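Each remark here refers to the structure printed beneath this line.
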Amino acid sequence: MRFKGNVIENKLRDRIMELEEEYGTEISTTQKILLCEHGPLTTLLDVLYGEVYLFILDQHLEEADEEIAELLQMDAGDEIDYREVIVHKNGRPLVYTLSYIPTSRCSEEIFEDLMNERLTTGRIIDKNVIETFITIKNISIEKPSPTLKELFKTDECMLCREYIITHNKEIGIWTKEAYPLSYFKV
1 MRFKGNVIEN KLRDRIMELE EEYGTEISTT QKILLCEHGP LTTLLDVLYG
51 EVYLFILDQH LEEADEEIAE LLQMDAGDEI DYREVIVHKN GRPLVYTLSY
101 IPTSRCSEEI FEDLMNERLT TGRIIDKNVI ETFITIKNIS IEKPSPTLKE
151 LFKTDECMLC REYIITHNKE IGIWTKEAYP LSYFKV
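Take the sequence shown: its position 110, counted from the start at 1, is 110 in this note's numbering, and no numbers get skipped.
Have a look at this one:
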């Protein structure tokens, strides 16, 4: 019997090829690995750069609006942890991350880790030995927001990916990651 490949992986490969053609750019092998990684990038960045660190730009509790509620498959008005962070090495930003985390789906330990520790969501998942399933929802190239222009000191386009992390058949985290197109070219 011949293995024909995974449909999801084929879609990711096809999406990357579409982006390369549409933007007239070559996405490096390292960028492809980062875009298709089924989980947070912390471990891969640690391998590439040595231990990386988290800087929290903004973190607060808020009520989910209709758009966020739809992303998380929850009711509008339910509480979420809104989290914007930069993963960096020696102060050099590597990846910007925006996450929405439904607090009602967090254990007490997870909630404490989110609020009290400067850990990436990937490290929180590892620390608490949580079994998760990751689904990549989108890979894109986008113009940078004013925040990203300031953080990365560039106005070049950003490579982005959106994914959800599911635990016990419920979405526990929605995340969007972004970094400049010139990063991770090696």
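Virtual Cβ for every residue (Gly too), placed ideally from N, Cα, C.
Note that the coordinates shown come from a computational prediction; the quantities given were computed from them, not determined experimentally.
Closest by C-alpha distance to Phe55, out of Arg118, Lys169, Pro146 and Ile134, is Arg118. C-alpha of Asp58 to C-alpha of Lys176: approximately 15 Å in a straight line. For Glu63, the CB contacts under 8 Å within the same chain, skipping 5 residues up- and downstream, are Ala76, Gly77, Asp78, Glu79 and Ile80 in chain order. Each residue's CA atom was taken as its position, placing Pro180 and Glu170 some 31 Å apart. Around the CB of Met158, 16 or more other CB atoms lie within 10 Å, so the residue is classed as buried.
Pairing Trp174 with Tyr96 gives a Cβ-Cβ distance that is not under 8 Å.
For Phe184, no alpha helix (DSSP H) encloses it, and the DSSP letter there is neither H nor E.
About 6 Å separates the beta carbons of Ile27 and Glu20, which is inside the 8 Å limit, making them a contact pair. Within a 10 Å sphere around the beta-carbon of Tyr23 sit fewer than 16 other beta-carbons, which makes this residue exposed.
A straight line joining the alpha-carbon of Arg161 with that of Asp46 spans about 19 Å. Check the Cα spacing between Thr154 and each of Ala178, Thr135, Ile139 and Arg105: the tightest is with Ala178.
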